[in-house]
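Below you'll find the structure, written out as structure tokens, and then a few comments.
Residue numbers (our numbering): 1 to 188.
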């Protein structure tokens, strides 16, 4: 290990049993914020959980939050995936803090840092997909049938713009005793 000639640190090789036990720590770490929130509900507003990817050449793994953000947090928990720059950052938010506004501030900091988010669990319906990802979705699903609305994109067929919905007439079928369907639908 040439790395340790110029840096402090160390490592050890786990036995299979030690490796199995160490692997279990991921479940304890992932649940720690949730357990803390349950025990300290009187001082915790919510948990802000982010999964981020730093740039592959980023050597500054630990964030430095400005005081106006740090003061809104009870605790910060960090864990991640060794050597792939993907980190889970769980923030236990103080009671009374607007979690949505805090999240917007956090995402601005991550964007300025060049980090990608979400890093592991895709954008889902919670995050706006970057334009390159939106193009990928549109190319691979031209009818927008597989996951409409992903990445805050259109929920409409063929990627049409979202528009306010209007009430439309519904069609109701009445099943008669014995299970026979009527000859046609009844519009209401």
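Virtual Cβ for every residue (Gly too), placed ideally from N, Cα, C.
Source: prediction; values computed, not measured.
Going by C-alpha distance, which of the options is nearest residue i?
| i | options | result |
| --- | --- | --- |
| residue 107 | 80, 77, 75, 65 | 65 |
| residue 155 | 80, 116, 125 | 125 |
| residue 99 | 152, 53, 44 | 44 |
| residue 143 | 110, 159, 163 | 159 |
| residue 109 | 54, 26, 132 | 54 |
| residue 95 | 70, 7, 42, 31 | 42 |
| residue 85 | 63, 141, 140 | 63 |
Work out the CA separation of residue j and residue i for me, nearest whole Å.
| i | j | result |
| --- | --- | --- |
| residue 72 | residue 93 | 6 Å |
| residue 19 | residue 13 | 9 Å |
| residue 39 | residue 116 | 32 Å |
| residue 120 | residue 81 | 10 Å |
| residue 15 | residue 87 | 26 Å |
| residue 83 | residue 21 | 20 Å |
| residue 9 | residue 103 | 34 Å |
| residue 5 | residue 57 | 21 Å |
| residue 137 | residue 128 | 13 Å |
| residue 48 | residue 148 | 25 Å |
| residue 145 | residue 52 | 28 Å |
| residue 34 | residue 28 | 10 Å |
| residue 132 | residue 59 | 26 Å |
| residue 68 | residue 74 | 13 Å |
| residue 46 | residue 97 | 9 Å |
| residue 101 | residue 61 | 24 Å |
| residue 130 | residue 70 | 27 Å |
Along the chain, where does the alpha helix (DSSP H) containing residue i start, and where does it finish?
| i | result |
| --- | --- |
| residue 31 | 25 to 39 |
| residue 101 | 99 to 113 |
So, with DSSP's three-state summary, where would you put residue i?
| i | result |
| --- | --- |
| residue 133 | helix |
| residue 126 | coil |
| residue 70 | helix |
| residue 87 | strand |
| residue 65 | coil |
| residue 160 | coil |
| residue 19 | helix |
| residue 11 | coil |
| residue 94 | strand |
| residue 149 | coil |
| residue 76 | strand |
| residue 1 | Low local confidence applies: a pLDDT of 48 at residue 1 is under 50, so the model's placement there is unreliable, with the coordinate-based value given in what follows. Coil. |
Need the endpoints of the beta strand (DSSP E) that residue i sits in, please.
| i | result |
| --- | --- |
| residue 52 | 44 to 53 |
Return the chain-ordered list of same chain residues with a C-beta closer than 7 Å to the C-beta of residue i, the five sequence neighbours on each side being excluded.
| i | result |
| --- | --- |
| residue 78 | 87, 89 |
| residue 162 | 154, 155, 156 |
| residue 37 | 44, 47, 92 |
Can you find the residues in the same chain that come closer than 6 Å, C-beta to C-beta, to residue i, ignoring five residues on each side of it along the sequence?
| i | result |
| --- | --- |
| residue 189 | The question about residue 189 has no answer here: the residues shown for the chain are numbered 1 through 188. |
Whose C-beta lies closer than 8 Å to the C-beta of residue i among residues of the same chain, with five residues either side of it excluded?
| i | result |
| --- | --- |
| residue 134 | 151, 153 |
| residue 24 | none |
| residue 114 | 54, 55, 58 |
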